[in-house]
Amino acid sequence: MRVDEFDYSLPEELIADRPAPERTGSRLMVVDRASGEIAHRRFSDLPTFLQSGDLLVVNNTEVIPARLLGAKRGGGAKIEILLLEERSPLLWECIAQRAIRLSPGTIVDFQDGSHCEVIEVLGEGRFLFRFHPRGDWKEFLETNGETPLPPYILKRRGDLSEEDRLNLRSLDKDRYQTSYAWRPGSAAAPTAGLHFTKELFAELKEKGIAQAQVTLHVGMDTFAPVTVDQVEDHQMKSEWCECPPPTRLAIYSAKTYGGRVVAVGTTTTRTLESYSRQGWPEEPIRTDLFLKPGDEFQVVDSLITNFHLPKSTLLMMISAFMGNDLRVRAYEEAVAQRYRFYSYGDAMLIL
Numbered sequence: 000m001r002v003d004e005f006d007y008s009l010p011e012e013l014i015a016d017r018p019a020p021e022r023t024g025s026r027l028m029v030v031d032r033a034s035g036e037i038a039h040r041r042f043s044d045l046p047t048f049l050q051s052g053d054l055l056v057v058n059n060t061e062v063i064p065a066r067l068l069g070a071k072r073g074g075g076a077k078i079e080i081l082l083l084e085e086r087s088p089l090l091w092e093c094i095a096q097r098a099i100r101l102s103p104g105t106i107v108d109f110q111d112g113s114h115c116e117v118i119e120v121l122g123e124g125r126f127l128f129r130f131h132p133r134g135d136w137k138e139f140l141e142t143n144g145e146t147p148l149p150p151y152i153l154k155r156r157g158d159l160s161e162e163d164r165l166n167l168r169s170l171d172k173d174r175y176q177t178s179y180a181w182r183p184g185s186a187a188a189p190t191a192g193l194h195f196t197k198e199l200f201a202e203l204k205e206k207g208i209a210q211a212q213v214t215l216h217v218g219m220d221t222f223a224p225v226t227v228d229q230v231e232d233h234q235m236k237s238e239w240c241e242c243p244p245p246t247r248l249a250i251y252s253a254k255t256y257g258g259r260v261v262a263v264g265t266t267t268t269r270t271l272e273s274y275s276r277q278g279w280p281e282e283p284i285r286t287d288l289f290l291k292p293g294d295e296f297q298v299v300d301s302l303i304t305n306f307h308l309p310k311s312t313l314l315m316m317i318s319a320f321m322g323n324d325l326r327v328r329a330y331e332e333a334v335a336q337r338y339r340f341y342s343y344g345d346a347m348l349i350l
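If you read the sequence shown in numbering that gives the first Met the number 0, its first letter stands for residue 0, the second for the next number, and so on.
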């Protein structure tokens, strides 16, 4: 398959640069794979489409203030560091932008007197940094870090006044985070979960819809472009994830009694499908699973997701789940109906 088959045209004004006023106020496109029917609702209508015995699985990762701005010691050159993955306490794999001549031993200083040191050059703009915070790690991030928004949101905000950008940045701290996040570690939000509120979860629970959690810490590789021509030639970067015993038991129970496993987002889907392919191990795993058209889904029966970037691995996963022809039709209708796209955009429920 050619990567170009997953391209589409999107007017720039449909890229959401801010969240909807209310989480559940986002629009919800409902796509029935069996009939091919497409309906247009609000996210608050989600309980209408789920039934008692279904299992809703979410990714409980928490976005950290992962974008850090420092200065190279001895020269003062500004360096932007994006935290990707914690290797061990205070040892992080990072992307460093404007990282001219960084080498092992280079020190980067931060405004509060903390610093980090380059331990290893990993290539492709990636480095291993050891951090030396003045205080605990959480305090260091709150002082020196910013919410790591996707590049397309920052680009859309480029023409705003400084006051408007500051107001939105304050809003991001709350809204670029799911209402159920509690395991810190992500450089990007699992965006399908941004539409949920505690009240909506309570309504689903009252209807007999069970809930379970997995963890996959989302890196900025989520937004990395596919640079090859053929889909089969793309290699996913490995990510850490966990599906704990209570979630595995809940999945078994739902499947046994005829319920559907409803995955909230592509990261949840990738975690569940990875665990299934690795034989449901007890411990956390690493996965480089790339779900693309032709692959079968062994666990997930229904999927809640946002609208994804052209030619992205996430769009390919959605195409694998719903069929590419139906996906093309759904996206064309979303553009025609003026849905909001990407991280802060509207949602799709695929039944």
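Where is the CB? At the ideal position from N, CA and C, for every residue including glycine. Quick caveat, the model's predicted, so the values are computed rather than measured.
Using the Cβ count rule (16 or more neighbours within 10 Å means buried), how would you classify residue i?
i      : result
Pro64  : buried
Thr146 : buried
Asp171 : buried
Glu231 : exposed
Lys204 : exposed
Gln212 : buried
Ala33  : exposed
Gly258 : buried
Ser237 : exposed
Arg326 : buried
Gly344 : buried
Leu153 : exposed
Pro189 : buried
Ser25  : buried
How many Å lie between residue i and residue j at the Cα?
i      : j      : result
Pro280 : Gln110 : 43 Å
Asn59  : Gly218 : 14 Å
Phe200 : Val120 : 44 Å
Ser51  : Tyr274 : 25 Å
Gln297 : Ile250 : 12 Å
Phe42  : Lys197 : 14 Å
Leu167 : Thr255 : 46 Å
Gly192 : Thr265 : 10 Å
Pro132 : Ala223 : 29 Å
Pro309 : Pro150 : 15 Å
Pro244 : Ala262 : 17 Å
Asp47  : Gly69  : Looking at the sequence provided, one finds Thr at residue 47 rather than Asp. Spanning the two alpha carbons is a distance of roughly 49 Å.
Pro305 : Glu282 : According to the sequence provided, residue 305 is Asn. The question's Pro does not apply to it. Roughly 29 Å between the two C-alpha positions.
His233 : Phe130 : 32 Å
Pro292 : Leu159 : 40 Å
Asp324 : Ala333 : 14 Å
Ala209 : Glu202 : 11 Å
Glu6   : Leu348 : Per the sequence shown, the amino acid found at residue 6 is Asp instead of Glu. When rounded, the distance between both Cα atoms is 21 Å.
Met0   : Glu161 : 44 Å
Compare the beta carbon distance of residue i and residue j with 8 Å and say whether it is the shorter of the two.
i      : j      : result
Leu288 : Glu272 : yes
Gly104 : Glu116 : yes
Asn143 : Ser169 : no
Leu54  : Val260 : yes
Leu148 : Tyr175 : yes
Tyr341 : Ala15  : yes
Cys93  : Leu101 : no
Gln229 : Val2   : yes
Ala95  : Ile80  : yes
Leu350 : Asp31  : yes
Ala329 : Leu290 : no
Leu13  : Tyr338 : yes
Arg182 : Glu36  : no
Thr177 : Val56  : no
Glu241 : Thr214 : yes
Phe195 : Arg22  : yes
Ser311 : Val227 : no
Arg164 : Arg156 : yes
Closest to residue i by CA distance: which of the options is it?
i      : options                        : result
Ala346 : Ser301, Leu27, Ala95           : Leu27
Arg285 : His131, Arg269, Gln297, Val298 : Arg269
Leu127 : Leu90, Gly278, Phe296, Ile349  : Leu90
Lys137 : Gly184, Tyr343, Leu290         : Gly184
Ser8   : Arg339, Glu331, Cys240         : Glu331
Arg97  : Glu36, Arg86, Glu295, Ala76    : Ala76
Gly74  : Gln210, Ile106, Val56, Glu61   : Ile106
Gln336 : Ala209, Asp6, Ala38            : Ala38
Ile78  : Arg66, Glu85, Asp294           : Arg66
Arg72  : Ser87, Asp108, Leu49, Gly157   : Asp108
His216 : Glu162, Trp239, Val225         : Trp239
Met316 : Met235, Glu141, Gln277         : Met235
Asp354 : Met321, Leu348, Glu161, Gln277 : Summary: the structure shown does not reach residue 354, with the chain confined to residues 0 through 350, and so no result is reported for it.
Leu49  : Ala187, Phe5, Arg276, Gly207   : Gly207
Arg17  : Pro88, Leu314, Ser252, Asp173  : Asp173
Cβ of residue i within 7 Å of any heavy atom in the ligand NAP?
i      : result
Phe306 : As presented, the structure is devoid of all ligands, the ligand NAP included, so that no description of it is given.
(message) Which complete beta strand (DSSP E) runs does the segment 202-264 hold, if anything under 3 residues is left out?
(response) 209-215, 238-241, 260-263, all fully within the segment 202-264.
(message) For a minimum of 3 consecutive residues, which ranges assigned as the beta strand (DSSP E) are wholly contained in the segment 8-69?
(response) Restricting attention to beta strand (DSSP E) runs no shorter than 3 residues, the segment 8-69 encloses them at 26-30, 37-41, 54-58, 60-62, ordered along the chain.
(request) Go through the segment 150-189 residue by residue and report every complete run of the alpha helix (DSSP H) that reaches 4 residues or more, in order. (result) Complete alpha helix (DSSP H) runs here, min 4: 150-155, 161-174.
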